[in-house]
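The structure appears below as structure tokens.
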Amino acid sequence: MIELQRVSKKYDELVVLKNINLDMYPNHVYGLCGKNGSGKTTLINIIIGICTPDEGIVRVFGKDPAKDWKIRQTIGTLQEENIYFPELTATEFLWWVGRLRRLTDAQCEEQMKMLSDTFNLNHKLDNLIGSLSYGMRRKVLLAAAFVAKPKLLLLDEPSNGLDYDATESLCNLLSEHRQMGGTAIIASHNLPFVRKICSDVIVLANGKVTEQLTADKINTLSLSRNTQ
């Protein structure tokens with residue numbers, strides 16, 4: 020479903036990704052681990068299609084996400100610097116995302132109710148997003164990532180700012196997404212979270228893939244120099 024062949028990217032003379040080769044499949048949750056500056060966020064942005072590689076081929080559902088905006092419509096994203104509108108209420112923002120993804124009014128309402136209950140957002144739905152705490156704002160942005168039931172989720176540090184209950188709710192949503200045939204890619208420094216939810220782990224260091232671990236090996240992932 021997701022294919023990267025010989026993908027490289029640099030900014031000026033700084034090499035961020037070098038010769039990345041990856042295949043990612045449905046019914047999987049992939050953890051993307053590595054130190055700050057290892058290339059995790061750039062890799063996610065390339066898969067989303069908002070960043071183009073200098074070399075290599077990227078295919079999401081068989082198409083280049085940088086050239087086909089319809090592919091981006093099938094991806095749910097959470098980025099550390101997500102675009103949101105502080106002058107909108109949480110309800111208005113989630114409704115806007117749902118309609119942008121071509122949900123009907125009934126589908127928007129159903130998904131918003133489910134996600135508001137899941138992330139305990141009901142008492143904040145009428146608040147302006149700009150007035151919310153960091154943790155509450157992250158919950159709204161996570162709800163937005165899930166609202167259209169995307170086939171592919173790309174989440175950058177999704178557990179940041181979440182309390183225990185919200186983290187458990189996120190794990191449950193990711194498990195359900197996987198069981199429904201979805202694919203998720205999660206960039207995270209939170210190794211207990213990665214161990215709990217991921218079926219596979221990809222470790223990046225200096226822009227290269229240094230390790231690929233399957234489910235039976237994830238418990239060996241340690242707080243090493245390659246992941247922290």
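Be aware that the sequence shown starts at 20, since it is given in our numbering, and climbs by one per residue. Glycine included, each C-beta is placed from N, C-alpha and C at the ideal position. The structure presented is a predicted model; accordingly, all values stated were derived computationally and were not measured.
- At a Cβ-Cβ threshold of 8 Å, F138 and K168 do not count as neighbours.
- Out of D182, N238, I94, D83, the CA that lies nearest to the CA of Y153 is found in D182.
- At a cut-off of 4 residues, the continuous stretches assigned as alpha helix (DSSP H) that sit fully inside the segment 46-115 are 59-67, 88-91.
- The residue from R78, H208, Y49 with its alpha-carbon nearest to that of I90 is R78.
- Contact between V26 and G75 holds, with the beta-carbon distance rounding to 3 Å and staying under 8 Å.
- Beta-carbon to beta-carbon, I237 and V220 are separated by about 6 Å, close enough to satisfy the 8 Å threshold.
- By the Cβ criterion, the segment 63-73 is not in contact with the segment 127-138, since fewer than three pairs of Cβ atoms, one from each stretch, lie closer than 8 Å.
- For V34, the enclosing beta strand (DSSP E) covers residues 33-43.
- By the Cβ criterion, the segment 163-179 is in contact with the segment 80-100, since at least three pairs of Cβ atoms, one from each stretch, lie closer than 8 Å.
- Separation of T96 and V34 (C-alpha to C-alpha, rounded to the nearest whole angstrom) is 25 Å.
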